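Going by the working numbering, the sequence shown opens with residue 4, and the numbers climb by one from there.
Below: one structure, written as structure tokens.
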Amino acid sequence: MQTGTTLRNRYRILQKLGSDSFGDTYLAQDCQKPGKPRCVVKHLKTKTNDPEAMQRAKRLFEEEAKTFYKLGNQSDRPLLDSFIEGGQFYLVREFIEGRVASATLTKRRSVLLWLVLGWMGFAGPVFGKGFWHRGTASPDSGESPGATTNNPPRGRVELKIARYATTTFSFTTVKVNREGEIIERVRAEAEVLAENLGSGVSLEMVSIPGGSFMMGSPEDEEGRNDYESPQHRVNVPPFFLGKHPVTQAQYEAVMGENPSGFQGANRPVEQVSWNDAVDFCRRLSERTGKIYRLPSEAEWEYACRAGTTTAFHFGPTITTELANYWGTSTYASEPEGVYRQKTTDVGSFPPNAFGLYDMHGNVSEWCQDVWHFNYNGAPSDGSAWESGGDSSRRPLRGGSWGNYPEYCRSAYRFWDDAEGFVDAFRGLRVVLVLL
């Protein structure tokens, strides 16, 4: 942009401060404020002509900016404005004299760009944290060495992680028949990103590939209820989800306290309300400079199913060798198991095909959405359903150590008050936002 250019009939460009792999940074004047104070404008350059990808980027940019306003207002240089003009994306932050060197903005700001760009159809390196994006660009579009050269279908967005940024772990998942007998064992691998929380405590986040699935339960599934209807197709973008429910050690490292009734550093934290879970995500975001949140119901069910359509990701039933629940009750034709009457250490049972543990049983996990009594009008893009409904109630997924097996199904959902009485059944699992 040339000196003198005015954006939004408000921000007059004074000079260019610098550039990076995804845009340019400018010193500007806010002509609508008294005294025309200076500010910093970041121009995020788009590199896609796909209307569908751009429309999705616009919506996500606007929605997620709300979250960053809240986070930014807790820092010394809050996000002042975000807008779209001429198909281009802009961020505005306060300019502080003597800090031109940081005009490319702070760690939290850079995380915002890293997150936002993932959904904008950009090509090339997204940010120096090892994340590369492959959209509709060609292999010679200037991407960093090591990025994949296989373009996905037009309009689809994928994120790839550089091997210095993640590690690969191997695991074995199993399949059972209606009698609960293991009929197949499958070796698999997944990418995991470890977040260091200090004092030897880390939070492992598993890379979940994007895809499409049928959300909800079919009408002939045993134990289903109307909350799980109607079944509908949802397209879920890639994201990172906690390898396990948040443990007591992780919760205490972030919150400084441990409310759990069944004590154990590697057991899932429980006696956590929805508001507590949201506060954990907020504090974790502040601590790491990244954005963590609760999963949407669609993300949770998609991740739980991991490509399966059966009642459980293990197959048509589960057993107490595979999950922690009220095991003296049966679901299909499996024998009775044990009822442990308490939580177990995370990772004690086999994972699903995505490498996620304890998706059935142990603790029920809060989701971001407001509560709706059915899926009529639910979004189909994997986002949290936060319009309408009852915002004082929030959904829980996965069942717990104290639930019958039908309450641990992939599609099962119920609700509780966002704040109020908490018990040893409620926990959480977190998403690392990629956009």
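No residue lacks a Cβ here, since even glycine has one placed at the ideal position from N, Cα and C.
A quick note: this is a predicted structure, and the numbers were derived from the prediction, not measured.
Residue(s) in a DSSP beta bridge with serine 215: Asn238
Between which two residues does the alpha helix (DSSP H) carrying glutamate 304 extend? 300 to 308
Are the Cβ atoms of glycine 245 and methionine 208 separated by less than 8 Å? yes
Touching or not, the segment 226 to 243 and the segment 276 to 294, by the rule of three or more beta carbon pairs under 8 Å? no
Check each candidate in Glu198, Leu196, Ala197 and Thr175 and name the one with the smallest Cα separation from arginine 188. Thr175
Backbone CA spacing between phenylalanine 172 and alanine 309 [nearest angstrom]: 17 Å
Determine, using beta-carbon pairs with one atom in the segment 189 to 203 and one in the segment 340 to 351, whether at least three such pairs fall under 8 Å. no
In DSSP terms, what tyrosine 360 is bridged to: DSSP lists no partner for tyrosine 360.
Hey, out of Ala387, Asn199, Ala31 and Trp303, whose CA is closest to leucine 20's CA? Ala31
Is it true that the segment 377 to 388 meets the segment 295 to 303, where meeting means three or more beta-carbon pairs spaced less than 8 Å apart? yes
Hey, quick one: how far does the beta strand (DSSP E) through leucine 325 stretch, first residue to last? First-last for leucine 325: undefined, no H or E at that position.
How about methionine 218 and tyrosine 378: are their beta carbons less than 8 Å apart? yes
What are the boundary residues of the alpha helix (DSSP H) that includes tyrosine 254? 251 to 258
Touching by the beta-carbon criterion (3+ pairs, under 8 Å), the segment 335 to 344 and the segment 242 to 258: no
Just verifying my parser: in three-state terms, what is the DSSP assignment at glutamine 371? coil
Whole-number beta carbon distance between leucine 431 and alanine 280, since they are thought to touch under 8 Å: 4 Å
From Glu255, Tyr167, Glu260 and Thr312, pick the residue whose C-alpha is nearest to that of aspartate 223; which is it? Thr312
To which residues does DSSP link arginine 181 through a beta bridge? Paired residues: none, contrary to the question.
Report the rounded CA-to-CA distance for alanine 191 versus tryptophan 374, giving the unit in angstroms. 35 Å
Arginine 227 by DSSP, collapsed to three states: which one? coil
By Cβ distance, which residues of its chain are closer than 7 Å to aspartate 27, with the 5 residues on each side in sequence left out? Lys19 and His46
Suppose you measure from the CA of arginine 400 to the CA of valine 249; what does that come to, to the nearest Å? 14 Å
Who are the near neighbours of arginine 166 in its chain, counting only those whose CB is closer than 6 Å to its CB and skipping five residues on each side? Here the model assigns arginine 166 a pLDDT of 35, short of 50, so the residue's position is not dependable and the matter cannot be decided.
For the alpha helix (DSSP H) that alanine 280 lies in, which residues bound it at each end? 277 to 291
Go ahead and pull the three-state DSSP assignment for cysteine 411. helix
Taking glycine 359 as the reference, give the member of Leu287, Glu255 and Ser210 with the closest Cα. What sits at residue 359 in the sequence shown is leucine, not glycine. Among Leu287, Glu255 and Ser210, the Cα nearest to that of leucine 359 belongs to Ser210.
For threonine 323, collect the residues of the same chain with a Cβ closer than 6 Å to its Cβ; drop the 5 residues on either side in sequence, then sort them by chain order. Gly330, Gly340 and Val341
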